Each structure stands twice: as C-alpha cells, then as structure tokens.
Amino acid sequence: MITLRVLGTSVTLLETLRVRAEQDLGIRLVYQVHDVEQAQRIAVMQPDSYDLYDQWFHNVDFVWPARAIQPIDTRRIALWHEINDLPKRGRLSAGDRLGSGSVPSERLFVQHDGSLGSTVTERISMLPLTHNADSFAYRPERLPEGFCSRNESWGWLLDPAWGARTALQSDAAIGALDAALAVQGAGLATFKDIGNMSIEEIDVLADILVRKQKQGHFAAFWSDDEEAAQLMLSPNIDIQSLWSPTLMRLHRAGVKYRLAVPREGYRAWFGGLSLSRHAQGPVLDAAYAYLNWWLCGWPGAVMARQGYYIGNPARTRDHLSSAEWDYWYAGKPAREELPGSDGLPLIDIGDVRDGGSYEQRMGHIAVWNSVMDEHNYLVRRWGDFMRARGA
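For my numbering, add 4 to where a residue sits in the sequence shown, where the first one is 1.
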C-alpha cells in the first residue's frame, strides 16, 4: 500500500478527512501537523520529508524559489475547469475590489520561463482549494460605550477602550497585516500598499506597535486556533483576530461573539496543495489522486461546516443539505440546527453568518495574506514588537 505524507497545519489536516481519503483512495495517509512557521520551515528545508504541502498561496513565495515543490499538471486534474475565478483571476466578478498582498492568481500559473504569474498555462504552483475572509471577533456584551456594531473597523484593535484586553496572531506574515489594517483604520498612518510595505513603512508600523505594547495594550498573542480559543474563553480577552475553527469552538462553548465586518475590508487567505519535488512514480500518481479527491465535493462540505469555502463550491453543494448551503454560502438564517465538521450540532436555528454570502464576503477583501519584498525586515521588526511585551 502506498503511503502519502501530507505536511501542513491543523487548519485543514483533519482526522475525518484523512480517514475518508484512505477509504476512498485505498492508500495510507500520514498527516504531519505543525504550526505555521514550523510547517513552512520544513517545506523549504526538507522537501524529501513530505509528498504534499498543504498550505496557503503566500507560502508559495518561499517554497517555489527554493525549488521545494514541482509544478502540478492541470491536465491531470479532472475538475480543474470547475474551479471558479477567485484564484484564477483574483476576484469572483469584475466589479469586486482586487485586494492587495499575495493575490493567488499572481502566483498560480507556472510561466514558460519557470517564474510564477497570472498568464494562464497548463501548469500551476498549487491546487487552489480552501479559502476564507478573516477579520477579528469581539464580545458584544463588552462593547465599549460609543462603539457600534454597524461601524466596525480594524482600528478597534488599537483603540484604548480595548486596552489590555486585545490579542493578535503571532506570525509576522499574518499578524502584521492585521496590525497594519488596524493602524490605518485608526488613522495613525497610511500605507501605499498594505500587502507590500517599504522598509520605512514597516518602521512606522513597528514603532506604533512597540509604543502601544509598552503601554500594555496587547494582552496576548496566539500561534494556532487552540491558543486563540483559550484566549477568547478567558475573562481577560474581549477582542482579537480570529480564524474560523476558533469561532466554531467558541460557538459550541456557548460564548457569544461577533465576527466583525470591517469597513476597510477583510484579510483573506487561499489555501491548497502543492507537490514536493521528490514525489515521483506511484507516489506522484497517488498524490494526483488525492488532489482530485479534494475536488469531489465531500471534502468541501467538511470545510464548509467549519466556515471555509472551496474552489469549486457547486460540487460541494451536492454534499450539503439545502439548509447548510443557505447558511454557509448564501448568507441566509439557519432554518434548522446544523452540524459542525465533526457531525455534532453547531449552528442554532435562526443564526446568520456574519458578513453575509460567499460573494459578499469574498468580494470585500482589503488584503490577501502576503509575503512582502521586505519580509525578512518585517520579521525583525515584528520581533521587536513581540519582545516589547512587559517592557
């Protein structure tokens, strides 16, 4: 029996998916689950230790130049034509704003000179699969006086009214974008391209954050959804950037929260699967089978039940009840109690997804998760900010 090793994070490497894929494909699957930075490090430095890399498009900016991954031949992806325009063209419809940052379409297609770009070819860097629009969550019952849920802004993360009760994501490539959106939303600075800041702009951002941190503004930082859930469940945190699985966990724990719809737009991400450069022969064939399996509809339904979208949602619709589709994709109130990705009850009758429909949420993107040209400098200055805790 062929063994397929998949490197990634807890975001998409779920046990329910692993078990079902083994049954459907007749292979053995090993999920190598790490936090974001560790998975990224292994992907770049040890491409012989995995066969598939399950990660996000901005990480392609690390693994492609390192030649850690090989191109995917779309002619071997049976449902490639079903994947919508969001990863292929950068937006679902021509009227949507094109977010800044590491736009998936700009690093999707392998060009004839071996670089990545948006010109359509038959080879891609990553099969585009799961994606979402992220913002921050807060406890509505603790909303400070003068704040209104109809006028949500990233700037709230820096407002003194939330002082010492705010948490951020710790990864520089993601947390710094949330912080930059907050700085800009609060009117403390403006950035020419928030997804690709200059050294001078990074210094402005870092200096503001260090100053806020020395004032004790940020109470904590988190690296994965488990840590994020613990923070939001504690009595000390009222507002923080969050990912969808954490929201689902809070929902089930009975914690009342609201996922903000920031007037500035969401920070979005697009995930998928890349092939290790070492995958070949029967292992490569099995890897392609796994890529195709992800588009069959059932995995997309599992992703929907934890708040994520899939690249070919029409096929996933066949694996969701009409009530589930209406809640997760159409933005309508839940007509019945709906299950989470573990099959247990999650969404109550009458609940409505914050932000509305798939088209509304993914059409309101301010920035995509990104790797900036000055990423190394950003990481250094982000470290200054993180070390300023308790200074």
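Where is the CB? At the ideal position from N, CA and C, for every residue including glycine. The structure presented is a predicted model; accordingly, all values stated were derived computationally and were not measured.
The beta-carbon separation of residue 55 and residue 291, rounded to 6 Å, stays under the 8 Å limit for a contact.
In the three-state reduction of the DSSP assignment, residue 306 falls in the helix class, which pools H, G and I. Scanning its chain for C-beta atoms nearer than 6 Å, with the 5 sequence neighbours on each side dropped, one finds around residue 31 the residues 6, 8 and 290, in chain order. If you ignore the 5 residues before and after residue 60, its C-beta comes within less than 7 Å of the C-beta of 273, 274, 275 and 373, all in its own chain and listed in chain order.
In its chain, beyond the 5 residues on either side, 167 have a beta carbon closer than 8 Å to the beta carbon of residue 219.
Looking from the CA of residue 313, the closest CA among 19, 121 and 362 belongs to 362.
Selection 130, 242 and 337 evaluated against residue 353 yields 337 as nearest (Cα-Cα). According to the DSSP assignment, residue 270 belongs to the beta strand (DSSP E) that extends over 270-280.
Here DSSP, grouped into helix, strand and coil, assigns residue 105 to strand. Taken in chain order, the unbroken stretches of alpha helix (DSSP H) that lie wholly in the region 25-112 and span 4 residues or more are 40-49, 64-67 and 89-93. Considering only 26, 189, 128 and 223, the residue with the shortest C-alpha distance to residue 80 is 128. Secondary structure of residue 14 (DSSP, three-state): coil. For residue 176, same chain residues with a beta-carbon under 7 Å away, outside a window of 5 residues either side, are 382, 383 and 386 in chain order. Within the same chain, Cβ atoms closer than 7 Å to the Cβ of residue 349 are found at 341 and 343, the five residues on either side in sequence being excluded. For residue 108, the number of other beta carbons within 10 angstroms of its own is at least 16, and it is reported as buried.
Taken in chain order, the complete beta strand (DSSP E) segments of 3 or more residues contained in the region 327-361 are 349-351.
Note on geometry: alpha-carbon atoms of residue 193 and residue 240 lie some 28 Å from one another.
Sequence-distant partners of residue 41 (beyond 5 residues in either direction) whose C-beta falls short of 7 Å from its own C-beta, in its chain, are 175. A distance of 8 Å or more separates the beta carbons of residue 58 and residue 120. The region 24-38 and the region 294-303 touch, with three or more beta-carbon pairs separated by less than 8 Å. Between residue 281 and residue 153, the CB-CB gap reaches or exceeds 8 Å. The beta carbon of residue 33 sits closer than 7 Å to the beta carbons of 8, 10, 22, 25 and 26 from its chain, once the five residues preceding and following it are set aside; these are given in chain order. DSSP, read as helix, strand or coil, puts residue 137 in strand. For residue 369, the enclosing beta strand (DSSP E) stretches over residues 369-372.
Residue burial annotation: residue 131 is buried, with at least 16 other C-beta atoms found within 10 angstroms of its C-beta. In its chain, beyond the 5 residues on either side, 265 and 365 have a beta carbon closer than 6 Å to the beta carbon of residue 359. In this structure residue 181 does not touch residue 243 by the C-beta definition: roughly 17 Å separates them, more than the 8 Å allowed.
About 7 Å separates the beta carbon of residue 159 from that of residue 191, a gap short enough to meet the 8 Å contact definition. Residue ranges of uninterrupted alpha helix (DSSP H) with 4 or more members, entirely inside the region 178-256 and ordered along the chain, are 203-218, 229-237 and 248-256. For a cut-off of 8 Å, the C-beta gap from residue 279 to residue 73 is around 6 Å, short enough to register as a contact.
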